[in-house]
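J.: According to the UniProt record's numbering, the residues represented by the sequence shown are 1 to 63, in order.
Ideal placement from N, C-alpha and C gives every residue a C-beta, glycine not left out.
Since this is a predicted model, take the numbers as computed values, not measurements.
This is the structure I want to talk about, given as structure tokens.
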Amino acid sequence: MKLVIDKLIADSGLKQRYIAQQVGVNENTLGNWMKNKSWPKLNQAVRLADILGCSVTDLYTKK
1 MKLVIDKLIA DSGLKQRYIA QQVGVNENTL GNWMKNKSWP KLNQAVRLAD
51 ILGCSVTDLY TKK
């Protein structure tokens, strides 16, 4: 599986700083998720999906 939040964030028009603050992580952590260097915990993924207006499964793609 692979995170596809970089595309979802770009499509949302929201700033990365705002998203990171709302999820409760720093911008570096969000950047690592966007680069697939690390993955969010479940509660963070739920919050991220809520902010982006999608489901948690939409954050991932099979690859």
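For residue 31, which option in 43, 50, 58, 10 has the closest C-alpha, if you only look at C-alpha atoms?
T.: Answer by Cα proximity: 10.
J.: Identify, in the order they occur along the chain, each residue of the same chain with its Cβ nearer than 7 Å to the Cβ of residue 27, setting aside the five sequence neighbours on each side.
T.: Taken in chain order, the residues that qualify are 16, 17, 20.
J.: Closer than 6 Å by C-beta to residue 4: which residues in its own chain qualify, once you throw out the five before and the five after it? Chain order, please.
T.: Within the same chain, residue 4 has close Cβ partners 61.
J.: Who pairs with residue 60 in a beta bridge, going by DSSP?
T.: Bridge partners of residue 60: 3.
J.: Can you tell me whether residue 48 is buried or exposed, with buried defined as 16 or more other CB within 10 angstroms of its CB?
T.: The residue in question, residue 48, is buried, as its Cβ has 16 or more Cβ neighbours within 10 Å.
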